[in-house]
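Protein chains in written order, with the numbering used here: chain C, 69 to 274; chain X, 69 to 274; chain G, 69 to 274.
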């Protein structure tokens, strides 16, 4: 179950990474590398931190194959894609939801409490996108002003971690948890919802 | 003892990260995330490298709570802060001193020799700030021309590692070691001391 | 054998990092730090991922000394160097070849299969250069359009991993594998060979 979730998350994140690479006019190697970094980055960080080494992302050839395919598919099919930024956001939202939940559940399996599991789930979800944006020279989406990104991620991870802590089966909790993140993120993008923003102005630096 | 040192270091580094975020006009989520990355980054790198996984920064909720509080405090109180860059430098210097020493002592506890412990202490100290500056799109402070940053960090870490190697109790060595780093760094900032700089000009690239 | 390979790779990568630092007009501390990050980064990532902690790069003082010497040598001797970019490319190619092979062989020793070993060898080879370029604010060489970088790296790592899997002694397989990467990379730079590039234009983002 977690395997499938992980692989689907890797695939959609790989596509989001590939699309960013295409947008930056990288060549086919750059597209595949950025797809791999985006798809595998968050999970590798999670696995290294909880001590699950070597991570499946490195030791299991299926984990390597999936993002390579995602990158190649993106490279060959992208001319069919009209508005890249919106499509990146959709794939990224699905990757975010799947990874937050898978990350939180795996951390909980490794004996972490609910709060740390939720935090690590969020890191798993946002890690790949941060690596993608750093490598591509973009402002990481999590830091864009008023962007609702980290909060939906934390919400889904917290639901999954709390559910698992209360003994709910993984197969039962993962779909609603992931849907909270995905739905909230997509609605925020589509409707222009904003994160809570201070009414205070930052002072000018003299 | 190391726990308190770690938590205080995390708190002051979190504030330095939060202030950089405020200066970059990030929203409340961005401020908290950058505060967490700055406060926890160096310690997580150290713990992953020495095999102390899962790191307390991930598995212990107090380590999560402290930088969140640091970020929120920064966000709400920053209008009281007049000159951001100077205040960032002060908090950063304290975080640097505390982390270099705590990092060196923890590495030594895990069986590393004095030279590796000093090096890893320095990495612990500068790691959070490098992550902060990379995420915020600033030149990492450690790479600014003539900036006295890595040398005071290495000095404090080396004093702590040498002292621990010679059997001095952690509680005795940590204060003087941290004060060397903090004092040297603050004096360098205030008095404009510079790192040794080559008299040679780098050749122009043809 | 792997130790010598590692140390030579660290030395040449350290020089490439030091030259990038010199080109960016960093001071002596910045040159040494960037030399260390470039020389040790790829190997630390590999060791952390396969669970070989603490990595020799951290626990063994020789691994610390070599990049420091590489950085200092670069700093003091660079005025003798006429055309920095070309020289960076030469040292980088040697580091790439040595690290890809050493990384693949070490991963194989830790029980990974040939495909994961080849992939991790490539990551070991390109990791230090990516860290160097991120810290220096350059576009990572692996993402430059049409640059033949990742493909020669993967080729050498794959030859080494396949050879080791078939029972060829490390001492026999490493030289030809490294030479494939180094030669291919150097010829690509000198003759202007390009990575396969799509004939499709990326769509403009509306």
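C-beta atoms are modelled at their ideal positions from N, C-alpha and C, and glycine is treated no differently. Predicted model, so just to flag it, every value in this text is computed and none were measured.
Span separating the alpha-carbon of residue i from that of residue j
{"i": "residue 93/G", "j": "residue 213/X", "result": "8 Å"}
{"i": "residue 84/C", "j": "residue 249/X", "result": "43 Å"}
{"i": "residue 190/G", "j": "residue 243/X", "result": "44 Å"}
{"i": "residue 251/X", "j": "residue 142/C", "result": "53 Å"}
{"i": "residue 184/X", "j": "residue 229/X", "result": "9 Å"}
{"i": "residue 73/C", "j": "residue 167/C", "result": "8 Å"}
{"i": "residue 225/C", "j": "residue 261/C", "result": "20 Å"}
{"i": "residue 223/G", "j": "residue 162/G", "result": "14 Å"}
{"i": "residue 76/G", "j": "residue 90/G", "result": "21 Å"}
{"i": "residue 117/C", "j": "residue 177/C", "result": "14 Å"}
{"i": "residue 203/X", "j": "residue 69/G", "result": "39 Å"}
{"i": "residue 187/X", "j": "residue 241/C", "result": "44 Å"}
{"i": "residue 140/C", "j": "residue 106/X", "result": "35 Å"}
{"i": "residue 64/G", "j": "residue 86/X", "result": "What the structure shows of chain G is the stretch from 69 to 274, and residue 64/G is not part of that stretch, so it cannot be assessed."}
{"i": "residue 125/G", "j": "residue 124/X", "result": "23 Å"}
{"i": "residue 120/G", "j": "residue 78/X", "result": "27 Å"}
{"i": "residue 133/C", "j": "residue 164/X", "result": "42 Å"}
{"i": "residue 146/G", "j": "residue 158/G", "result": "15 Å"}
{"i": "residue 171/X", "j": "residue 193/X", "result": "7 Å"}
{"i": "residue 98/C", "j": "residue 104/C", "result": "10 Å"}
Residue i at chain X interface by Cβ criterion, 8 Å
{"i": "residue 159/C", "result": "no"}
{"i": "residue 201/G", "result": "no"}
{"i": "residue 138/C", "result": "no"}
{"i": "residue 134/C", "result": "no"}
{"i": "residue 184/C", "result": "yes"}
{"i": "residue 263/C", "result": "yes"}
{"i": "residue 155/G", "result": "no"}
{"i": "residue 112/C", "result": "no"}
{"i": "residue 270/C", "result": "Residue placement at residue 270/C cannot be trusted, given a pLDDT of 49 that sits under 50; what the coordinates show is reported in the next sentence. Chain X contact via Cβ: present."}
Cβ of residue i within 8 Å of any chain G Cβ
{"i": "residue 252/C", "result": "no"}
{"i": "residue 127/C", "result": "yes"}
{"i": "residue 119/X", "result": "yes"}
{"i": "residue 220/C", "result": "no"}
{"i": "residue 191/C", "result": "no"}
Secondary structure of residue i, DSSP reduced to three states
{"i": "residue 177/C", "result": "helix"}
{"i": "residue 234/C", "result": "coil"}
{"i": "residue 225/G", "result": "helix"}
{"i": "residue 121/C", "result": "coil"}
{"i": "residue 205/G", "result": "coil"}
{"i": "residue 217/G", "result": "coil"}
{"i": "residue 260/G", "result": "coil"}
{"i": "residue 91/X", "result": "helix"}
{"i": "residue 154/X", "result": "helix"}
{"i": "residue 104/G", "result": "helix"}
{"i": "residue 74/X", "result": "helix"}
{"i": "residue 130/G", "result": "helix"}
{"i": "residue 114/X", "result": "helix"}
{"i": "residue 190/X", "result": "helix"}
{"i": "residue 200/G", "result": "helix"}
{"i": "residue 253/C", "result": "helix"}
With 16 other Cβ atoms within 10 Å as the buried cut-off, status of residue i
{"i": "residue 173/G", "result": "buried"}
{"i": "residue 237/X", "result": "exposed"}
{"i": "residue 71/C", "result": "exposed"}
{"i": "residue 154/X", "result": "exposed"}
{"i": "residue 114/G", "result": "buried"}
{"i": "residue 239/G", "result": "exposed"}
{"i": "residue 234/X", "result": "exposed"}
{"i": "residue 180/X", "result": "buried"}
{"i": "residue 205/C", "result": "exposed"}
{"i": "residue 253/C", "result": "buried"}
Within-8 Å CB hit, residue i to chain C
{"i": "residue 73/X", "result": "no"}
{"i": "residue 180/G", "result": "yes"}
{"i": "residue 94/X", "result": "yes"}
{"i": "residue 98/X", "result": "yes"}
{"i": "residue 101/X", "result": "yes"}
{"i": "residue 116/X", "result": "yes"}
Any C-beta of chain B under 8 Å from that of residue i
{"i": "residue 188/X", "result": "Among the protein chains of the structure shown, namely C, X and G, there is no chain B."}
Residue i beta carbon near the ligand ZN (any heavy atom closer than 7 Å)
{"i": "residue 110/G", "result": "With respect to the ligand ZN, the structure shown offers nothing to examine, as it has no ligands at all."}
In chain order, what residues of the segment 206-218 of chain C put their CB closer than 9 Å to some CB of chain X? For chain X, the residues of the segment 206-218 of chain C that bring a beta carbon within less than 9 Å of one of its beta carbons are 207, 208, 210, 211, 212, 213, 214, 215, 216, 217, 218, in chain order.
In chain order, what residues of the segment 230-260 of chain G put their CB closer than 9 Å to some CB of chain X? Cβ contacts with chain X come from no residue of the segment 230-260 of chain G.
With 9 Å as the C-beta to C-beta threshold (strictly closer), list the residues of the segment 75-86 of chain C near chain G in chain order. Cβ contacts with chain G: none found.
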